[in-house]
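Trainee: Let me begin by handing over the structure; questions about it come next.
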Ligand code: RIB
Ligand code: CA
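What follows is the structure, encoded as structure tokens:
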């Protein structure tokens with residue numbers, strides 16, 4: 559069976575990193591490229607994190623530095639969730655490949671053009687790289703099969719009441735994406751805040767007994783600190799939903815809506831507004847995941863971690 563060609567686009571970020579653990583472990587996916595974006599931390603930090611994650615997991619696809627800042631908005635970071643490095647916690651290996659000489663949008667366009675099959679972009683940070691790709695290289699749009707994102711929320715926000723971090727960081731990029739005509743799988747907070755990994759799951763993760771599982775457990779123990787302090791029962795591990803939406807859609811309940819991006823408003827800028835009743839008369843542009851089988855989610859993480867049995871890379 560032909561693998562699905564994908565591009566991983568993220569701002570690692572603990573949950574981006576765990577999303578990439580799933581992606582590399584999946585027999586369904588062929589990772590063509592990895593691109594970083596500023597978001598959880600600055601572009602320099604998310605880029606070195608991306609390179610180190612790829613070295614840890616054995617992702618040998620080209621890696622390119624993405625957008626330094628949103629298309630028009632001023633950037634902000636999430637050190638409270640991800641720490642000063644953007645991936646605080648366990649020590650990581652040094653990169654094992656040089657950074658691509660191409661900027662992210664040019665590497666994305668190149669691998670899309672060269673792919674025999676249409677490509678899926680799995681984007682788990684601000685949508686800046688996608689917005690810039692569709693602006694700079696509109697000719698590749700027809701070879702993008704769909705875009706699977708962690709972003710938004712059709713019922714609530716997180717960074718501000720009405721908007722989720724990734725979309726709020728770059729609403730203009732998200733607007734371009736949601737108006738592109740490319741099908742979107744949207745894993746917003748409606749589902750990702752139910753993708754909770756709880757402290758009582760952590761020993762089961764460590765019990766997998768390989769280097770990647772130990773590091774994932776360490777990431778979760780760090781990543782859980784902030785949400786625990788603000789009342790979460792565990793770590794909302796948002797980003798893997800965007801991968802599992804492709805590899806295991808059966809674990810989600812999905813509703814299709816026309817979704818638009820609010821660019822104005824003191825309290826509404828960055829909101830992903832779903833037309834629940836179809837009053838706008840527009841065709842749905844997004845398959846919105848709204849529920850997840852959480853126990854199956856954790857089982858799939860354990861299964862993915864066993865893919866790395868026997869893998870050990872030098873650290874420190
Ligand atoms: O709002 C959660 C999202 O913002 C996740 O993708 C997290 O990694 C941050 O990018
Ligand atoms: Ca992210």
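In the numbering used here, the protein residues as written are 559 to 874. Just so it is clear, CB atoms sit at the ideal spot from N, CA and C, and this is done for glycine as well.
Are residue 567 and residue 725 close, meaning C-beta to C-beta below 8 Å?
Mentor: Not a contact, by the Cβ cut-off of 8 Å.
Trainee: With a threshold of 8 Å, are at least 3 pairs of Cβ atoms found where one atom belongs to the region 567-585 and the other to the region 634-646?
Mentor: Yes: at least three Cβ pairs fall under 8 Å.
Trainee: Return the CA-CA distance between residue 840 and residue 817, expressed in angstroms with no decimal places.
Mentor: Taking the straight line joining both Cα atoms gives about 9 Å.
Trainee: So, with DSSP's three-state summary, where would you put residue 816?
Mentor: Coil.
Trainee: Are the beta-carbon atoms belonging to residue 830 and residue 711 less than 8 Å from one another?
Mentor: Closer than 8 Å, so yes.
Trainee: Considering only the beta carbon of each residue, do residue 758 and residue 764 sit closer than 8 Å?
Mentor: Their beta carbons are not under 8 Å apart, which means residue 758 does not touch residue 764 by this criterion.
Trainee: Let me make sure I understand the geometry here. Which of 677, 813, 615 and 718 has the alpha-carbon closest to that of residue 563?
Mentor: Nearest C-alpha to residue 563: 677.
Trainee: If we count the other Cβ atoms within 10 Å of its Cβ and call it buried at 16 or more, is residue 844 buried or exposed?
Mentor: Buried is the call here.
Trainee: Roughly how many angstroms lie between the CA atoms of residue 861 and residue 762, to the nearest whole one?
Mentor: Approximately 11 Å, taken between the alpha carbons.
Trainee: If you draw a straight line from the alpha carbon of residue 778 to that of residue 657, how long is it in whole angstroms?
Mentor: Going by the C-alpha atoms only, they are around 27 Å apart.
Trainee: Report yes if the C-beta of residue 637 is less than 7 Å from at least one heavy atom of ligand 1; otherwise report no.
Mentor: Not so, every heavy atom of ligand 1 lies at least 7 Å from the Cβ.
Trainee: Is residue 597 near ligand 1 - that is, is its Cβ less than 7 Å away from at least one heavy atom of it?
Mentor: Yes.
Trainee: Check residue 587 in the structure and name its three-state DSSP category.
Mentor: Strand, per DSSP.
Trainee: From residue 854 to residue 792, what does the alpha carbon distance come to, in whole angstroms?
Mentor: Their Cα atoms are separated by approximately 16 Å.
Trainee: With DSSP as the reference, label residue 629 as helix, strand or coil.
Mentor: In the structure shown, residue 629 sits in coil (DSSP, three-state: anything other than H, G, I, E or B).
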